[in-house]
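The numbering used here applies: residue 10 is where the sequence shown begins, and numbers increase by one. Everything on this sheet refers to the single structure shown next.
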Amino acid sequence: MAENKDLYERCLREPLASLVAALSDGLAEAGSPLRGDPKRSLFRIHRDTRFSKDKRPYKTNVGATLTRDGAKLSPGLLYVHIDPAGSFAAAGFYHPEPTALDRLRKGLAERPDEWRGVRGRLADAGLALARGEALVRLPRGFEAVTDPEAIEILKLRSWIVSQPLSEVDISDSRLIERVLTFASAAEPLLEFGWDALDD
């Protein structure tokens, strides 16, 4: 890594920082509260190996987030991931704290019609919540929910939508526009979640 640090800074970190700045400007113009900082929004290249069997010291990807308050992991974010194994943009609520996750779930349970509208707008944009880590059973306190789709979402630990970015996409001058279009399509999910968290 020491031998290639200059290459990493010039070809990965600096372009990603520029992307964050451009996305932040574009989101502000669109009226979105999402913001990023070219220094603070980028994830480190160093891996946290304390609790991992994989002891490789460096990641093979770069990533950055944009959030309402600019903090890297605030609830409700836009994430860009650049990786030789597959790049993507994602948005939503990734592993929220238990209290925040409970509020998201209550928002869905208490406003099912509003949630169906959000789900429909996401579907119209070709987006659906990722079915990643999930509980086996419905979380306690939500037993009255009977809608099969809502039940599956209530079990999720993260509420995330994503869109792949090809190698052509990440080297194209229209990358900023593509990610901004995705962020706009994901906005109903973010707004619904923020409303639930702010209640």
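For every residue, glycine included, the Cβ atom is placed at its ideal position computed from N, Cα and C.
Residue interval of the beta strand (DSSP E) (run including Pro173): For Pro173, the enclosing beta strand (DSSP E) has its first and last residue at Trp168 to Leu174.
Among Gly45, Phe52, His55 and Ala192, the one whose alpha carbon lies nearest that of Gly135: Taking only the C-alpha atoms, the option nearest Gly135 is Ala192.
Heavy atom of the ligand COA within 7 Å of Leu144 beta-carbon: In terms of ligand content, the structure shown is empty, and the ligand COA therefore cannot be addressed.
Contained beta strand (DSSP E) runs [length at least 3] in the region 31-59, N- to C-terminal order: Fully enclosed beta strand (DSSP E) runs of 3 or longer: not present.
Residue closest to Ala26, alpha-carbon to alpha-carbon, out of Pro93, Glu12, Val71 and Glu152: Answer by Cα proximity: Val71.
Length of the line joining the Cα atoms of Arg59 and Tyr67: Spanning the alpha carbons of Arg59 and Tyr67 requires a straight line of approximately 13 Å.
Cβ pair count under 8 Å reaching 3, the region 195-206 against the region 154-167: As far as the Cβ criterion goes, the region 195-206 does not touch the region 154-167, which means the pair count is below three.
Cβ neighbours of Thr76 in the same chain (closer than 6 Å, five flanking residues each side left out): Ser83 and Leu86, listed in sequence order.
Continuous alpha helix (DSSP H) stretch holding Phe201: start and end: Run containing Phe201: Leu184 to Asp207, per the alpha helix (DSSP H) assignment.
Sequence-distant residues of the same chain with beta carbon closer than 7 Å to Arg114, five excluded per side: Excluding positions up to five away in sequence, the list reads Pro148, Phe151 and Leu163.
Host beta strand (DSSP E) of Ala132 (start-end): Unbroken run through Ala132 is the alpha helix (DSSP H), Pro121 to Asp133; no beta strand (DSSP E).
Reference Arg140, options Arg187, Ala109 and Trp168, closest by Cα: Answer by Cα proximity: Trp168.
Straight-line Cα distance separating Met10 from Arg183: So the two alpha carbons sit approximately 30 Å from each other.
Reduced DSSP secondary structure (H/G/I, E/B, other) of Phe138: Note that residue 138 corresponds to Leu in the displayed sequence, not to Phe. DSSP, read as helix, strand or coil, puts Leu138 in coil.
Residue burial classification, Arg128 (beta-carbon count within 10 angstroms, cutoff 16): Classification for Arg128: buried.
Bounding residues of the beta strand (DSSP E) (the contiguous stretch that carries Tyr88): In the DSSP assignment, Tyr88 falls within the unbroken beta strand (DSSP E) covering Leu86 to Ile91.
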